[in-house]
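Peer 1: Numbering-wise (the numbering used here), the sequence shown opens with residue 11 and increments by one. One structure, as structure tokens, below. Some questions next.
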Amino acid sequence: MTNRLTNGEQKPQAETPETPDFSRYKVCDSYSVPATDSPTAGGTPDADCQSPQRVSRKQLQELDSRLGERDRELLGAVQKYRYLMTGQIQRLLFTDAANSSAGLRAASRSLRKLSGFGLVGSLSRRIGGVRAGSSSLIWYLTHAGERLLRLHDERAYPARRHFEPSAYFLAHTLAVAETALQLIETCRKHEPEILSLQLEPECWRAYSNAGVSCSLKPDLYAATMSEEYEDRYFIEVDLDTESPAKIIEKCQKYHAYYRSGLEQEESEMFPLTVWIVPSVTRKGKLIRQLKGVFDKQAKLFAVITSNELEHLILEGGDREMLC
């Protein structure tokens, strides 16, 4: 098990830029998607599958010939994360610009180009509202965009059915993407190398508990390597929507998977399960409850806020967050 926690008094917590609090947006109304590119309310399939504007394979091949490598990387990133804000796309792919403003303009130009081709679309609402600017626009891959990616590799880009996202699903999806992006940015700036970064469903694990087939479903799996350590993490992004009982039930599944020995057999270690919560209050509450329930068992969990992720990755965190 990854357990490289240090005494918090020995090393100061690394400073990180303020990140969006996606838990603030989980109670909004659902985020609507234009009917020509996405489903209608009520969970019906993507309407553009039957649209008269459906793009033929020949047209897709023509569009593909007009795309650059970064255009394809952008499409692949939106497909991988399901939904991304313009600002997240800029931080992920447009880091070679003179500054973040120039990178944001470059990202916006690329997105407008791909939107004009009908390969991506944007939701009708923004995280933070109109005042948050263009960086808050939320993008998704259209059916045509998915089909274009599958021209290159059908297995790597499985077909998905599109549904209007609920506010909670959208906020959680963006929060998971933000966590992955924070990890990527931390490893860009500092020593660790990312060996693996898996999203759902790639990061899920199948196991058997008392003869019953079970599935462990973390939000993310990450493995990093520095000169001295290889660290592995299961990551759960919490928006303070689940009751403590639900959190404990999920943690019991981690203990059951730990007892199965499957992960240790494959990699000789069990990843630290990191719960990322939106507030210090939520953090303290979960730590107390998890310690109370799992006090006599292996310490598999750390509870942190998003601003503590860099400290955990670089310094190992501190023992107060372990439970």
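Cβ atoms here follow ideal geometry from the backbone N, Cα and C, with glycine treated the same way.
Using only the alpha-carbon positions, how far apart do S125 and L147 sit?
Peer 2: 13 Å
Peer 1: Less than 7 Å between the beta carbons of I286 and S253, yes or no?
Peer 2: In this structure, S253 does not lie closer than 7 Å to I286 by Cβ.
Peer 1: Tell me which residue opens and which closes the beta strand (DSSP E) that V284 is part of.
Peer 2: L282 to V287
Peer 1: Alpha carbon to alpha carbon, how far is E318 from K293? Give it in angstroms, no decimals.
Peer 2: 11 Å
Peer 1: In angstroms with no decimal places, state the Cα-to-Cα distance between E320 and E278.
Peer 2: 25 Å
Peer 1: Looking only at C-alpha atoms, which of L310, V247 and D248 sits nearest to Y264?
Peer 2: Its Cα nearest to that of Y264, the residue L310 stands out among L310, V247 and D248.
Peer 1: Out of curiosity, what's the CA-to-CA distance linking L296 and S289?
Peer 2: Their Cα atoms are separated by approximately 11 Å.
Peer 1: Count the CB pairs spanning the stretch 182-202 and the stretch 233-248 that are closer than 8 Å, and state whether there are at least three.
Peer 2: yes
Peer 1: Where does M331 sit, in a helix, a strand or coil, going by DSSP?
Peer 2: helix
Peer 1: Could you check the C-alpha separation between S145 and L322 for me, to the nearest Å?
Peer 2: 28 Å
Peer 1: Confirm, please, whether the CB-CB distance from M235 to L193 is below 7 Å.
Peer 2: no
Peer 1: Taking DSSP's pairing of strands, which residues face E246 in a bridge?
Peer 2: W285
Peer 1: Between the Cα of L70 and the Cα atoms of T283, T152, K199 and D328, which residue gives the shortest distance?
Peer 2: T152
Peer 1: Within the chosen definition, does the stretch 213-222 reach the stretch 175-185 through at least 3 CB pairs nearer than 8 Å?
Peer 2: Judged by pairs of C-beta atoms under 8 Å, the stretch 213-222 does not touch the stretch 175-185, as fewer than three such pairs exist.
Peer 1: Go ahead and pull the three-state DSSP assignment for S42.
Peer 2: Confidence at S42 is low in this model, with a pLDDT of 46, below 50, so its placement is unreliable and the value that follows should be read with caution. Coil.
Peer 1: Answer yes or no: do Y243 and P281 have a C-beta to C-beta separation smaller than 7 Å?
Peer 2: yes
Peer 1: Taking buried to mean at least 16 other C-beta atoms within 10 Å of its own C-beta, is W214 buried or exposed?
Peer 2: exposed
Peer 1: Assuming the contact rule is C-beta atoms closer than 8 Å, S132 and W149 should be a hit. Round their C-beta distance to whole Å, please.
Peer 2: 5 Å
Peer 1: Report whether the distance from the Cβ of R269 to the nearest heavy atom of the ligand GTP is below 6 Å.
Peer 2: By its list of ligands, the structure shown contains no ligand whatsoever, and the ligand GTP lies outside what it can speak to.
Peer 1: Return the chain-ordered list of same chain residues with a C-beta closer than 6 Å to the C-beta of E201, the five sequence neighbours on each side being excluded.
Peer 2: S236
Peer 1: Across which residues does DSSP place Q208 in a beta bridge pair?
Peer 2: Y231
Peer 1: If you draw a straight line from the alpha carbon of A117 to that of V130, how long is it in whole angstroms?
Peer 2: 13 Å
Peer 1: Determine the direct distance from the alpha carbon of I314 to that of G326, and round the result to whole angstroms.
Peer 2: So the two alpha carbons sit approximately 12 Å from each other.
Peer 1: For the alpha helix (DSSP H) that contains F104, what are its first and last residues?
Peer 2: Run containing F104: none; DSSP gives neither H nor E here.
Peer 1: Provide the residue span of the beta strand (DSSP E) that contains L226, from first to last.
Peer 2: V222 to L226
Peer 1: Round the Cβ separation of D74 and L158 to the nearest angstrom and send it over; I've been treating them as touching at under 8 Å.
Peer 2: D74 to L158, Cβ: 6 Å. Contact.
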